[in-house]
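Shown next, in structure tokens, is the structure this report addresses.
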Amino acid sequence: MTADASGGAADGVALRLEGVRKSFGKLEVLKGIDLTVGEHEVICLIGASGSGKSTLLRCINLLEPVDAGRIFVHGEEITAPGVDVNRVRRRIGIVFQSFNLFPHMTVLRNITLAPIKALGLPKAEAEGRALALLERFGLADKKDEYPDRLSGGQQQRVAIVRALAMEPDIMLLDEVTSALDPELVAEVLSVIRELAEGGMTMLIATHEMAFARDIADRICFLDGGVILEEGPPERIFTEPREERTRRFLQRIIEAGRL
Amino acid sequence: MARGGGGEGHRARYLPGDPRPPEGGPTSRILAPLRAEGARAVAVAVASTVVVLGVLGWSITRSANWPAVRDAFFNGLEFRETFPEIARRFLRNVAYFMVAEPFILAFALLLAVMRSLPGPVFFPIRAMAIVYTDFFRGVPTVLVVYILGFGVPALGLAGVPRDPGFWGVVALVLSYSAYVAEVYRAGIESVHPSQVAAARSLGLGRWPTLRYVVIPQAVRRVVPPLLNDFVALQKDTALVAFVVAAPEAFKMAQIQQAARFNFTPLLAAALMFLVITVPLTRTVDWLVARERRRREAGGGL
Ligand SMILES: Nc1ncnc2c1ncn2[C@@H]1O[C@H](COP(=O)(O)OP(=O)(O)OP(=O)(O)O)[C@@H](O)[C@H]1O
Ligand SMILES: [Mg+2]
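What follows is the structure, encoded as structure tokens:
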């Protein structure tokens, strides 16, 4: 473990976690997570339900305070005391399983709210940015709709656009297709694929193994509060070294998800 | 009420369990049979109402005591002579309401926000808001009106208004803010934490999150109970009568009643209150019903 707290952005590391621990009461969910994510790298986080994938992403976004360990974004420690959490979050986009769009705002307003109120962009510029993104993801005609008039897939794509409108360095995606009907999954996955092709650094928690295998540069298997095994998808899915990884994948295959 | 037109009002009324209300436009073919059924229902309702009221009216006016009651409470002559003045005085009640309500809405929101602040740092602020609401919800409003309306002017403090009416309205604001704050708080707590997480994750601070995400959703949800408190406040403006010299509708009615040995003026005052409060109450019912229908239609999440 390099203890180089000042490691600059020049080393090509977008995100680094060192010994991150997190407990809820007596339940220790994360027991020392070490992870380095390079710029433009796409990492898929797999693991059983309850293994702490969401917790890890929420810790990186500072939605949950870590109990121990450090997190660096482009060399800057974001878990240091006195760090402006709002400034950090503007650089790290997160998309949730349940979309969490603001139901009282139109699609356009959902997307422009944070750029205007948090980044201080002029309204016209924020809307220009939002419209360009909506256009890119085939949602331009939905800009004046309210979220409850959209399909789940459309809502989730809007949620992704909302995060992208902040022009984050890193995107965290937490099982973004789990709440969708099967026929809507593909449209969201294709958005993610496009982001990956565009070079976005992403950390993706997912149960979609075929997708993970296809898109990830690296797979991390979370088990027992640590990253038990990591490596390129071909190796993890074909010759896992750890018995527990093997068993997890076996269960997935039996469930017909790979 | 919302649609105006007396006939409309009847048709809009339907029992739970009935098919959906006939609300389609005049061209809707699907709803035409329903509307025919609605017309029959209206006819039945009208007939039934006429019979019930007729029987009631007949038996009441037949009772031996009716002439005495009628002369004391429903005296046409007394009504004609006193009603215009009472109606004019009622404008004061409306004014008390109009002055108090904006302050209540603002102050109560402040209290609710104070009470919803998380974390140990804000404990004293939360505690203050809790003590405040407990106190003013626990004390009869009329007592607060008395204490402030008589008490403060009697102190004769320099630079402090002496007008008991002013303090009466202040008392209403203090008292009602406690109730309305609880209404707001229920609304704020009903906004799912994931909404806050979504806003914060975008880099919005605590205040922008409250202002643009939490409060708008909270307020929308509590409009009906807020309107209920409007109704209560409009009625309680009569309490200011206890401390002011210049009579509003209730005090005027009392004066007339004492002077004329007749209770009709009090009923005239009651009528004025009803003119305001009944439409408000109907609006609340309508909003609640609309909200429930929307939820049952189950749009989106
Ligand atoms: N706010 C919280 N308070 C208490 N316990 C929590 C909280 N959040 C998560 N947990 C617990 O932490 C554990 C890990 O949860 P987490 O949601 O991170 O798992 P996950 O890997 O994302 O699972 P899934 O695949 O089902 O989404 C679970 O046992 C969960 O009950
Ligand atoms: Mg999860």
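Each protein sequence line maps, in turn, to chains A and B.
Residue 32 is where the first sequence starts when you use the numbering used here, and the numbers rise one by one after that.
Residue 2 is where the second sequence starts when you use the numbering used here, and the numbers rise one by one after that.
Even glycine gets a Cβ: it sits at the ideal position worked out from N, Cα and C.
In this text, all values refer to a predicted model and were calculated from it rather than measured experimentally.
Where the beta strand (DSSP E) through residue i begins and ends
{"i": "L203/A", "result": "I201 to D205"}
{"i": "F124/B", "result": "That residue, F124/B, is in no beta strand (DSSP E); its alpha helix (DSSP H) goes F124 to G139."}
{"i": "I191/A", "result": "Careful: I191/A lies outside any beta strand (DSSP E), inside the alpha helix (DSSP H) at G183 to L195."}
{"i": "A45/A", "result": "V44 to F55"}
{"i": "D230/B", "result": "No beta strand (DSSP E) contains D230/B, which is instead part of the alpha helix (DSSP H) from V224 to D237."}
{"i": "V114/A", "result": "From DSSP, V114/A is part of no beta strand (DSSP E); its letter is neither H nor E."}
{"i": "M233/A", "result": "T232 to A236"}
{"i": "V215/B", "result": "Element bounds for V215/B: n/a, residue is neither H nor E."}
{"i": "D65/A", "result": "L58 to G69"}
{"i": "V174/B", "result": "Segment P165 to S191 is the alpha helix (DSSP H) holding V174/B; no beta strand (DSSP E) there."}
Nearest-angstrom Cα separation, counted from residue j out to residue i
{"i": "P22/B", "j": "L211/B", "result": "The pLDDT assigned to P22/B is 43, lower than 50, so where the model puts this residue is not dependable, and the model offers no usable value."}
{"i": "L132/A", "j": "E59/A", "result": "30 Å"}
{"i": "L203/A", "j": "A96/B", "result": "55 Å"}
{"i": "I109/A", "j": "V116/A", "result": "8 Å"}
{"i": "V222/A", "j": "L281/B", "result": "49 Å"}
{"i": "S80/A", "j": "L253/A", "result": "10 Å"}
{"i": "V97/A", "j": "L149/B", "result": "52 Å"}
{"i": "Q128/A", "j": "E206/A", "result": "5 Å"}
{"i": "Y213/B", "j": "Q196/B", "result": "11 Å"}
{"i": "R201/B", "j": "V126/A", "result": "12 Å"}
{"i": "E95/A", "j": "G113/A", "result": "16 Å"}
{"i": "E273/A", "j": "A217/A", "result": "31 Å"}
{"i": "P27/B", "j": "K252/B", "result": "Residue placement at P27/B is flagged as unreliable, the pLDDT there being 48, under the threshold of 50; the coordinate-derived value follows with that caveat. Going from the Cα of P27/B to the Cα of K252/B covers about 49 Å."}
{"i": "A88/B", "j": "A187/B", "result": "37 Å"}
{"i": "R122/A", "j": "L215/A", "result": "28 Å"}
{"i": "E24/B", "j": "R291/B", "result": "Low confidence applies to E24/B: its pLDDT is 45, below 50, so where it sits in the model is not reliable, and the reading given next is rough at best. Taking the straight line from one Cα to the other gives about 12 Å."}
{"i": "V70/B", "j": "W59/B", "result": "15 Å"}
{"i": "R244/A", "j": "T269/A", "result": "10 Å"}
{"i": "A73/B", "j": "A271/B", "result": "15 Å"}
{"i": "S37/A", "j": "K154/A", "result": "In this prediction, S37/A has a pLDDT of 43, which is less than 50 and means its spatial position is unreliable; nothing more can be read from the coordinates."}
{"i": "A254/B", "j": "L267/B", "result": "5 Å"}
{"i": "S64/B", "j": "V174/B", "result": "46 Å"}
{"i": "A157/A", "j": "I267/A", "result": "42 Å"}
{"i": "S49/B", "j": "R295/B", "result": "32 Å"}
{"i": "E111/A", "j": "E72/A", "result": "A small correction: the amino acid at residue 111/A is Ala; Glu does not occupy that position in the sequence shown. Spanning the two alpha carbons is a distance of roughly 25 Å."}
{"i": "R41/B", "j": "G55/B", "result": "21 Å"}
{"i": "S117/B", "j": "D135/B", "result": "15 Å"}
{"i": "E249/B", "j": "P165/B", "result": "13 Å"}
{"i": "Q258/B", "j": "F75/B", "result": "12 Å"}
{"i": "F91/B", "j": "K173/A", "result": "50 Å"}
Nearest to residue i (by Cα), restricted to the options the options
{"i": "S54/A", "options": "G78/A, H71/A and L87/A", "result": "L87/A"}
{"i": "T83/B", "options": "E292/B, T265/B, R296/B and L275/B", "result": "T265/B"}
{"i": "R120/A", "options": "K236/B, E86/B, R207/B and V171/B", "result": "R207/B"}
{"i": "A198/B", "options": "V68/A, C90/A, G43/A and S82/A", "result": "C90/A"}
{"i": "M93/B", "options": "F274/B, R294/B, R293/B and A290/B", "result": "Rather than Met, the amino acid found at residue 93/B in this sequence is Arg. The shortest Cα separation from R93/B among F274/B, R294/B, R293/B and A290/B belongs to F274/B."}
{"i": "F98/B", "options": "T278/B, F262/B, R63/B and L288/B", "result": "T278/B"}
{"i": "Y177/B", "options": "L78/B, F108/B and R89/B", "result": "F108/B"}
{"i": "L259/A", "options": "E214/A, G69/A and I77/A", "result": "I77/A"}
{"i": "H135/A", "options": "D175/A, R282/A and D245/A", "result": "D175/A"}
{"i": "D65/A", "options": "G256/A, D248/A, L165/A and I235/A", "result": "G256/A"}
{"i": "P264/A", "options": "G56/A, M233/A, I283/A and R249/A", "result": "R249/A"}
{"i": "G124/A", "options": "R90/B, G204/B, W59/B and A88/B", "result": "G204/B"}
{"i": "P194/B", "options": "F130/A, L181/A, C251/A and G69/A", "result": "F130/A"}
{"i": "A210/A", "options": "E225/A, M231/A and E239/A", "result": "E239/A"}
{"i": "V224/B", "options": "W287/B, T238/B and G139/B", "result": "W287/B"}
{"i": "I235/A", "options": "L150/A, C251/A and V192/A", "result": "C251/A"}
{"i": "F242/A", "options": "H71/A, I142/A and C75/A", "result": "C75/A"}
{"i": "P209/B", "options": "A171/A, V68/A, L150/A and V138/A", "result": "L150/A"}
{"i": "A190/A", "options": "R282/A, R275/A, E285/A and T137/A", "result": "T137/A"}
Continuous alpha helix (DSSP H) stretch holding residue i: start and end
{"i": "D98/A", "result": "No alpha helix (DSSP H) holds D98/A; DSSP gives it neither H nor E."}
{"i": "L92/B", "result": "G77 to S117"}
{"i": "F74/B", "result": "W67 to F74"}
{"i": "V145/B", "result": "T142 to Y147"}
{"i": "R275/A", "result": "E274 to E285"}
Check: residue i C-beta below 7 Å from any heavy atom of ligand 3
{"i": "A200/B", "result": "Ligands in the displayed structure: ligand 1 and ligand 2; ligand 3 is not one of them."}
C-beta neighbour in chain D for residue i, strict 8 Å
{"i": "K154/A", "result": "Of the protein chains in this structure, namely A and B, none is chain D."}
**Stretch pair the stretch 101 to 118 of chain A + the stretch 40 to 50 of chain A: three plus CB contacts closer than 8 Å** = yes
**Message:** Closer than 5 Å between the C-beta and any heavy atom of ligand 1: which residues qualify, listed along the chain?
**Reply:** F55/A, V60/A, S80/A, G81/A, S82/A, G83/A, K84/A, S85/A and T86/A
**Asked** Quick one: any contact between the stretch 192 to 203 of chain A and the stretch 129 to 148 of chain A, if contact means 3 or more CB pairs under 8 Å?
**Response** yes
**Prompt:** Touching or not, the stretch 157 to 167 of chain A and the stretch 227 to 235 of chain B, by the rule of three or more beta carbon pairs under 8 Å?
**Reply:** no
**Asked** Given 8 Å as the limit, is there contact between the stretch 216 to 223 of chain B and the stretch 128 to 144 of chain B, that is, 3 or more CB pairs closer than that?
**Response** no
**Prompt:** Does the stretch 171 to 189 of chain B come within contact of the stretch 113 to 123 of chain B, defined as at least 3 CB pairs closer than 8 Å?
**Reply:** yes
**Prompt:** For the 8 Å Cβ check, are there 3 or more pairs between the stretch 234 to 245 of chain B and the stretch 176 to 195 of chain A?
**Reply:** no
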